[in-house]
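Participant:
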């Protein structure tokens, strides 16, 4: 199989804690570049704007990094999917260790939906999800399962 992780150390550490084989760092699994909103909460941003801010529909301003649009995140997700589909078609498993918003966009794209559909896919930190096929159509086999629901505990 294939194990891909975000370049972020916490993603690589998660793969290690899960006991996955040596992962390959995949730049396209990097966390959404929040630009000038990096490190700030949704509540803080909303208060500054004077209205609710939503990552799914609102742009991010440039900061120390340029920030990304949802379309740019979707392009990265599409590249990851293009990379893993041939592996899956050979009957091999693929594990992706990344970040919540990005993985929600990736799942939406897996299903052939617009990236904004990721808003409908709540995802808990540290959870396990599975994408697969049913009758040759992409499906979500399971989503956002916690370690407690899996009968395991995190270290």
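Residue numbers (our numbering): 38 to 192. Heads up, the beta-carbon is just placed ideally off N, CA and C, and yes, glycines get one too.
Who are residue 171's beta bridge partners in DSSP?
Facilitator: Taking the first residue of the chain shown as 1, we reach residue 171 at position 134. Answer is 174, bridged to residue 171.
Participant: In three-state DSSP terms, what is residue 150?
Facilitator: The residue given as residue 150 occupies position 113 in the chain shown. Residue 150: coil per DSSP, three-state reduction.
Participant: Enumerate in chain order the residues of its own chain whose CB-to-CB distance from residue 137 is below 6 Å, with the five nearest sequence positions on each side excluded.
Facilitator: As a position in the chain shown, residue 137 is number 100, starting the count at 1. Around residue 137: 160.
Participant: Taking the alpha-carbon of residue 7 as reference, which of 139, 147, 144 and 182 has the nearest alpha-carbon?
Facilitator: The chain is shown only over 38 to 192; residue 7 falls outside these bounds and no answer can be derived.
Participant: Considering residue 42, what are the terminal residues of the beta strand (DSSP E) in which it resides?
Facilitator: As a position in the chain shown, residue 42 is number 5, starting the count at 1. Segment 39-42, the beta strand (DSSP E) holding residue 42.
Participant: Go to residue 132, then tell me how far its beta strand (DSSP E) extends in each direction, as first and last residue.
Facilitator: Numbered from 1 along the chain shown, position 95 holds the residue referred to as residue 132. Here the beta strand (DSSP E) through residue 132 covers 131-134.
Participant: Given a threshold of 16 other Cβ atoms within 10 Å of its Cβ, counted over all protein chains shown, does residue 176 qualify as buried or as exposed?
Facilitator: Residue 176 sits at position 139 when you count from the first residue of the chain shown. Exposed is the call here.
Participant: Given 8 Å as the limit, is there contact between the region 127-137 and the region 41-49, that is, 3 or more CB pairs closer than that?
Facilitator: Touching, per the Cβ criterion.
Participant: Output the distance between the C-alpha atoms of residue 103 and residue 72, rounded to the nearest integer angstrom.
Facilitator: Reading the chain shown from its first residue, position 66 is the one you call residue 103. Reading the chain shown from its first residue, position 35 is the one you call residue 72. Approximately 5 Å between the Cα atoms of the pair.
Participant: To the nearest angstrom, how far is it from the Cα of residue 147 to the Cα of residue 91?
Facilitator: Working through the chain shown from its first residue, we reach residue 147 at position 110. Working through the chain shown from its first residue, we reach residue 91 at position 54. Their Cα atoms are separated by approximately 22 Å.
Participant: Per DSSP, what kind of secondary structure is residue 183 in: helix, strand or coil?
Facilitator: The sequence position of residue 183 within the chain shown is 146, counting from 1. Reduced to three states, the DSSP call for residue 183 is coil.
Participant: Determine the extent of the alpha helix (DSSP H) in which residue 46 is found, giving its start and end residues.
Facilitator: The residue given as residue 46 occupies position 9 in the chain shown. From DSSP, the alpha helix (DSSP H) with residue 46 extends over 46-54.
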